[in-house]
Amino acid sequence: MDEAKADNTQERNGRPLEGPRFAVAGQAGPTLPLDPAWGLTRLSPWPYKPNDTSPLAWWRRLPPDSFHDAERSLLRATLGDVRVLRGGNDLAAALQGDAVAAVGAALGLMPITEVTLPVDVTMSCLLYTALKQDATAALVMSQIAGLTDLGHGFAIELAGSWFKYGRRHSDDPRKFDLAEDVLLIAFRQRQNGDHGA
Numbered sequence: 001m002d003e004a005k006a007d008n009t010q011e012r013n014g015r016p017l018e019g020p021r022f023a024v025a026g027q028a029g030p031t032l033p034l035d036p037a038w039g040l041t042r043l044s045p046w047p048y049k050p051n052d053t054s055p056l057a058w059w060r061r062l063p064p065d066s067f068h069d070a071e072r073s074l075l076r077a078t079l080g081d082v083r084v085l086r087g088g089n090d091l092a093a094a095l096q097g098d099a100v101a102a103v104g105a106a107l108g109l110m111p112i113t114e115v116t117l118p119v120d121v122t123m124s125c126l127l128y129t130a131l132k133q134d135a136t137a138a139l140v141m142s143q144i145a146g147l148t149d150l151g152h153g154f155a156i157e158l159a160g161s162w163f164k165y166g167r168r169h170s171d172d173p174r175k176f177d178l179a180e181d182v183l184l185i186a187f188r189q190r191q192n193g194d195h196g197a
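Under the working numbering, the sequence shown has 171 at position 171, and the numbering climbs by one with no breaks.
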């Protein structure tokens with residue numbers, strides 16, 4: 001059976017999801033359902049790869065399934081080389097691996113109007129936390145990716161991939177069902193130019 005049509009067992013609200021699936025990042029392994037609401041409508045491979053950019057920019061380019069042991073190690077080493085001159089206690093703690101601080105530092109950036117080095121460092125801390133199967137960090141990754149100009153046209157797809165990753169690793173996936181509608185409304189409003197909502 002074609003990989004894009006395999007594994008239709010994932011559920012949403014207790015119901016199996018129907019329809020074809022696609023592999024994120026064009027790799028075998030976990031797949032996401034085709035879901036037009038999240039912009040997950042392509043059967044083609046993800047357009048960016050880790051080697052295309054700096055590890056500090058990965059948060060705005062790569063879905064969770066792009067990260068393997070080598071990428072995680074490089075991200076951790078990169079963050080280990082960062083020294084904080086500004087950014088407050090949350091960022092300093094996030095660089096030391098504090099998950100709550102990483103979430104707080106990232107949320108403190110909102111709204112992100114310009115992607116700068118401090119934004120990349122803060123969001124890379126959140127990325128590293130999310131990659132440790134932290135559902136809260138993945139949900140915040142989804143929110144920020146969907147509400148920020150990332151410089152490419154795949155922000156909603158990227159947000160959807162982090163949302164689904166977070167749901168998959170959540171102790172209570174039903175909470176993600178509640179957040180999903182709110183996020184999708186906010187993302188659509190942003191796409192339509194209604195930033196005040």
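Ideal Cβ positions, reconstructed from N, Cα and C, are used throughout, including at glycine.
Residues near residue i in its chain [Cβ-Cβ closer than 8 Å; skip 5 each side]
i: arginine 72; result: Tyr128, Leu131
i: threonine 53; result: Arg61
i: arginine 76; result: Tyr128
i: valine 82; result: Leu95, Val121
Proximal residues to residue i (C-beta, below 7 Å), its chain only, five neighbours per side dropped
i: valine 140; result: Val103, Ala106, Leu107, Leu126
i: glycine 166; result: Ala135, Ala138, Leu139, Ser142, Phe176
i: arginine 188; result: none
6 Å Cβ shell around residue i - same chain, five flanking residues per side excluded
i: aspartate 134; result: Ala99
i: tryptophan 59; result: Met123, Ser124, Leu127
i: leucine 150; result: Arg60
i: threonine 78; result: Pro55
i: valine 84; result: Leu91, Ala92
i: arginine 190; result: Leu147
i: proline 111; result: none
Reference residue i, options the options, closest by Cα
i: leucine 96; options: Pro111, Val121, Ile112; result: It should be noted that the sequence gives glutamine, not leucine, for residue 96. Of Pro111, Val121, Ile112, the residue nearest in Cα terms is Val121.
i: glutamate 157; options: Gln143, Thr78, Asp81; result: Gln143
i: leucine 74; options: Pro63, Thr148, Leu56, Arg83; result: Leu56
i: leucine 109; options: Glu180, Ala145, Phe154; result: Ala145
i: histidine 68; options: Val82, Asn51, Val84, Arg83; result: Asn51
i: glycine 160; options: Ala101, Gly88, Tyr48, Pro64; result: Pro64
i: alanine 94; options: Pro118, Ile112, Pro111; result: Pro118
i: leucine 147; options: Asp90, Ala137, Thr113; result: Thr113
i: glutamate 180; options: Ala138, Tyr48, Asn89; result: Ala138
i: asparagine 89; options: Val82, Ala101, Arg83, Gly80; result: Ala101
Distance between residue j and residue i (C-alpha atoms, nearest Å)
i: threonine 116; j: tryptophan 46; result: 24 Å
i: leucine 62; j: serine 170; result: 20 Å
i: leucine 178; j: serine 66; result: 27 Å
i: isoleucine 185; j: phenylalanine 163; result: 14 Å
i: valine 24; j: arginine 174; result: In this predicted model, valine 24 has a pLDDT of only 37, less than 50, meaning its place in the structure is not dependable; the value taken from the coordinates is given anyway. Spanning the two alpha carbons is a distance of roughly 23 Å.
i: phenylalanine 154; j: asparagine 192; result: 15 Å
i: glycine 80; j: lysine 49; result: 22 Å
i: valine 182; j: histidine 152; result: 23 Å
i: arginine 168; j: arginine 86; result: 34 Å
i: alanine 70; j: aspartate 172; result: 30 Å
Alpha helix (DSSP H) runs contained entirely in the region 63 to 116, provided each spans 4 or more residues:
69 to 80, 88 to 95, 99 to 107
Q) Taking only runs of the alpha helix (DSSP H) that begin and end inside the region 131 to 178, which ones reach a length of at least 4 residues, in chain order? A) 135 to 147, 155 to 169
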